[in-house]
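Chemist:
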Amino acid sequence: MLLTVVMYGQRSADYGVTGGVTSYIGDINPGRLLYSVQPAAGVFYRYNLHPRQAFRLNLMAGGLSGNDLDFNNSFQQTRASSFSGVIGEWSVVFEFNFFPYSTQGRRWNSSPYFAAGAGIAFINTSVFTYTPVLPFSFGYKLNIYRNLGVEIEYGFRKSFYDNFDGLTDNIDPDDHGWYHNNDWYTYTGVSFTWKIYNKLAGCPVYDDVKNNKKKKH
1458 MLLTVVMYGQ RSADYGVTGG VTSYIGDINP GRLLYSVQPA AGVFYRYNLH PRQAFRLNLM
1518 AGGLSGNDLD FNNSFQQTRA SSFSGVIGEW SVVFEFNFFP YSTQGRRWNS SPYFAAGAGI
1578 AFINTSVFTY TPVLPFSFGY KLNIYRNLGV EIEYGFRKSF YDNFDGLTDN IDPDDHGWYH
1638 NNDWYTYTGV SFTWKIYNKL AGCPVYDDVK NNKKKKH
């Protein structure tokens, strides 16, 4: 019984790696998307509740940077502030697939999706600290071969911290950041997912359990 429970959990899980870029939005960059992108990478675990619903645990790290001299307005050219550093993130998000999707489904099975959740970001830029974050993103999944999938994702992270860049509410009065002045960051990347234990689908123990469930219903 323990073997079949473990096997069922493994058959419902995806494992993945992701790589891409992070960028920053804050007092130096109040709204330019994909500004001063820095390399980022991570790993994740996904538990599939349903072909349309899943929970995903993320662990990611990337770079952040900004420089007033990248902008043409006189206020920033005079201030000439800059920063650079790294950010790490641990988060849990709920995913919703717009169409049924599984890495064990038919080849070229695909779906756009939306994800949102909560997490903690560890920041080492002007100072080292941590802050709660609210990640939300959208993307597209494609099953390319048996238990292998590829995903493209773009997402925002709302933080509750206003000092990524060493500046606190120190902006041009005519040039405000998005949704108050707390700093944000974004992630854009490509992920590869797989089911490590997909070959257990042919195990006689699993087949017996599946057939018994059908008989009970």
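Each residue of the sequence shown is one higher than the one before, counting from 1458 in this note's numbering.
Idealized CB from N, CA, C, for every residue including glycine.
1) In chain order, which continuous runs of the beta strand (DSSP E) of length 3 or greater are located wholly inside the stretch 1476 to 1525?
2) Hey, how far is the Cα of F1571 from the Cα of N1530?
3) Report all residues from its chain with a CB closer than 7 Å to the CB of A1537; omit the five preceding and five following residues, and keep chain order.
4) Using the three-state DSSP reduction, which class does F1621 fall into: helix, strand or coil?
5) Helix, strand or coil, according to DSSP, for R1614 in the structure here?
6) Closest by CA to P1569, which one among V1550, G1596, Q1561?
7) Would you mind sorting G1488 into buried or exposed? The rule is 16 or more other CB atoms within 10 Å of its CB.
8) For Y1502 and S1541, I'd like the C-alpha separation in whole angstroms.
9) Between which two residues does the beta strand (DSSP E) holding F1532 run?
10) Within a Cβ cutoff of 8 Å, which residues of the same chain sit near E1552, ignoring the five residues on either side of it in sequence?
11) Just curious, the beta strand (DSSP E) that F1551 is in, first and last residue?
12) Just how far apart, CA to CA, sit F1532 and H1507?
13) Measuring straight from C-alpha to C-alpha, what distance separates V1647 and T1588?
14) Find out if the Cβ-Cβ distance for the pair N1604, V1543 is shorter than 7 Å.
15) May I have the straight-line CA-CA distance separating W1565 from N1554, to the nearest angstrom?
Modeler: Reading it off the structure:
1) 1495 to 1507, 1510 to 1524
2) Along the sequence shown, one-based indexing puts residue 1571 at 114. Along the sequence shown, one-based indexing puts residue 1530 at 73. Computed Cα separation, rounded: 36 Å.
3) Walking along the sequence shown from the start, residue 1537 turns up at place 80. Closer than 7 Å at the Cβ level, and outside the excluded window around A1537, lie D1525, L1526.
4) In the sequence shown, counting from the first residue as 1, residue 1621 sits at position 164. F1621 falls in the coil class under three-state DSSP.
5) Within the sequence shown, numbered from 1, the residue matching residue 1614 stands at position 157. R1614 falls in the strand class under three-state DSSP.
6) Taking the sequence shown and counting its residues from 1, the one referred to as residue 1569 is at position 112. When only C-alpha atoms are compared, the closest one is G1596.
7) What you label residue 1488 is simply residue 31 of the sequence shown in a count that begins at 1. It counts as exposed.
8) In the sequence shown, counting from the first residue as 1, residue 1502 sits at position 45. In the sequence shown, counting from the first residue as 1, residue 1541 sits at position 84. For Y1502 and S1541, the distance between alpha carbons rounds to 29 Å.
9) For the purposes of this step, residue 1532 is taken as residue 75 along the sequence shown, with counting starting at 1. From DSSP, F1532 is part of no beta strand (DSSP E) but of the alpha helix (DSSP H) over 1531 to 1536.
10) In the sequence shown, residue 1552 corresponds to position 95, counting from 1. Correct list, in chain order: R1503, Q1510, A1511, F1512, R1513, Y1570, F1571, A1572.
11) If you number the sequence shown from 1, residue 1551 lands on position 94. Run containing F1551: 1539 to 1554, per the beta strand (DSSP E) assignment.
12) Against the sequence shown, residue 1532 aligns to sequence position 75. Against the sequence shown, residue 1507 aligns to sequence position 50. When rounded, the distance between both Cα atoms is 52 Å.
13) The residue given as residue 1647 occupies position 190 in the sequence shown. The residue given as residue 1588 occupies position 131 in the sequence shown. Cα to Cα, the separation comes out at about 25 Å.
14) Walking along the sequence shown from the start, residue 1604 turns up at place 147. Walking along the sequence shown from the start, residue 1543 turns up at place 86. It is not a contact, given that the beta carbons lie outside the stated cut-off.
15) The sequence position of residue 1565 within the sequence shown is 108, counting from 1. The sequence position of residue 1554 within the sequence shown is 97, counting from 1. Roughly 15 Å between the two C-alpha positions.
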